[in-house]
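Chemist:
Numbering (our numbering), first residue to last: 240 to 572.
1. Rounding to the nearest angstrom, what Cα-Cα distance links residue 432 and residue 274 in this structure?
2. Taking residue 308 as the reference, which of 293, 296, 329 has the closest Cα?
3. With H, G and I counted as helix, E and B as strand and the rest as coil, what does DSSP make of residue 425?
4. Short check: CB of residue 483 to CB of residue 511, under 8 Å?
5. Is the region 533-543 touching the region 485-502, taking contact as three or more C-beta pairs under 8 Å?
6. Looking at the structure shown, is residue 526 part of a helix, part of a strand, or coil, going by DSSP?
7. Which of the three DSSP states, helix, strand or coil, is assigned to residue 407?
8. So the beta strand (DSSP E) residue 365 belongs to, where does it begin and stop?
9. Can you give the Cα-Cα distance for residue 477 and residue 500, rounded to whole angstroms?
10. Is it buried or exposed for residue 279, if we count other Cβ within 10 angstroms and need 16 for buried?
11. How about the region 452-469 and the region 543-552: do they share at least three Cβ pairs that are nearer than 8 Å?
12. Given this structure, state the Cα-to-Cα distance separating residue 445 from residue 257, to the nearest angstrom.
13. What's the C-alpha gap between residue 457 and residue 326?
14. Just to confirm the assignment: which complete beta strand (DSSP E) runs, minimum length 3, are found wholly within the region 488-554?
15. Along the alpha helix (DSSP H) that carries residue 382, what are the first and last residues, could you check?
16. Residue 295 to residue 563, Cα distance in whole Å?
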């Protein structure tokens with residue numbers, strides 16, 4: 240995986256329902272390595288030829304979108320009302336920088352100053368409906384010339400290395416998986432393989448639910464973010480640097496036993512550390528698993544710290560290990 244690919248993807252705005260900039264960047268990176276098409280929802284479907292054809296087509300998929308905001312109103316003072324799109328921790332919203340709409344209009348989220356707040360308000364998280372996006376407009380007319388109702392707003396965070404192996408940036412919970420799949424597509428593969436970069440995960444997995452009906456895979460592996468809890472006050476279930484997450488189940492279902500066993504055996508034989516606990520939440524796999532008559536599905540996940548915040552942290556060695564594991568899995572007939 241090229242770090243430059245991940246840095247570029249992290250910096251793009253791609254709130255659920257508005258992922259086209261991310262799709263265009265992925266296309267630019269895979270052009271000439273595989274055939275691709277965009278389906279009516281915006282999912283990017285990729286057909287990678289290998290040295291041989293499989294009897295049962297394999298699909299590797301990952302989400303493109305990120306949580307963010309959507310403009311719902313324009314005030315007389317030029318500030319913007321908004322609603323949340325996807326899972327964003329409301330405690331992390333005040334004071335954040337955003338880019339609004341297709342032109343990337345810069346803004347900052349603000350609300351009532353602390354010294355104007357009642358004592359009872361000061362120690363409580365500010366509700367999003369009490370906040371506004373300030374884009375520097377002096378009035379409603381100026382704001383309407385720059386943004387429109389329904390425009391999305393993406394959080395901004397610098398991409399940078401933390402310590403030796405940790406990476407911090409925006410939307411890493413989706414874009415890290417995209418960077419891994421881009422790297423795999425650019426490799427020569429032993430078998431034909433399908434890839435999908437899906438939309439609308441943060442809005443209920445709507446994108447992935449149609450992919451299986453279009454591609455008809457026999458089995459599928461999602462490269463999915465898994466919340467890391469190796470922080471003060473957390474647990475020790477999933478840790479950065481602990482390797483790929485290969486769960487047997489999640490809160491919404493059970494994964495294919497044979498696929499899980501194969502992935503775990505390949506990790507063990509290649510001396511890839513793996514984390515095997517069941518997922519407490521959803522991976523995004525069910526959109527594929529429960530469509531097109533049912534698809535055998537498994538997860539090759541990577542831990543992410545602060546997945547519901549504008550700035551997330553991943554471990555580069557985990558992403559490299561996921562890529563190595565999937566290369567081994569794709570070598571299986």
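The beta carbon of each residue, even a glycine, is placed where N, CA and C say it ideally should be. The structure displayed is predicted, hence computed values, not measured ones.
Modeler: The answer reads as follows:
1. Each residue's alpha carbon lies about 11 Å from the other.
2. Closest by C-alpha distance to residue 308, out of 293, 296, 329, is 329.
3. Coil at residue 425, not helix or strand.
4. At the C-beta level, residue 483 and residue 511 come within 8 Å of one another.
5. At 8 Å Cβ cutoff, the stretches touch.
6. Under the three-state reduction of DSSP output, residue 526 falls in the helix class.
7. The answer is strand: DSSP assigns residue 407 an E or B state.
8. In the DSSP assignment, residue 365 falls outside any beta strand (DSSP E), carrying neither H nor E.
9. CA-to-CA, the gap between residue 477 and residue 500 works out to about 19 Å.
10. That one is exposed.
11. These segments touch.
12. Distance between the alpha carbons of residue 445 and residue 257 is about 13 Å.
13. Each residue's Cα considered, the two are about 31 Å apart.
14. Within the region 488-554, the complete beta strand (DSSP E) runs of at least 3 residues fall at 535-538, 541-543, 551-554.
15. Counted as a single uninterrupted DSSP element, the alpha helix (DSSP H) harbouring residue 382 occupies residues 379-383.
16. Taking the CA atoms as reference points, residue 295 sits about 22 Å from residue 563.
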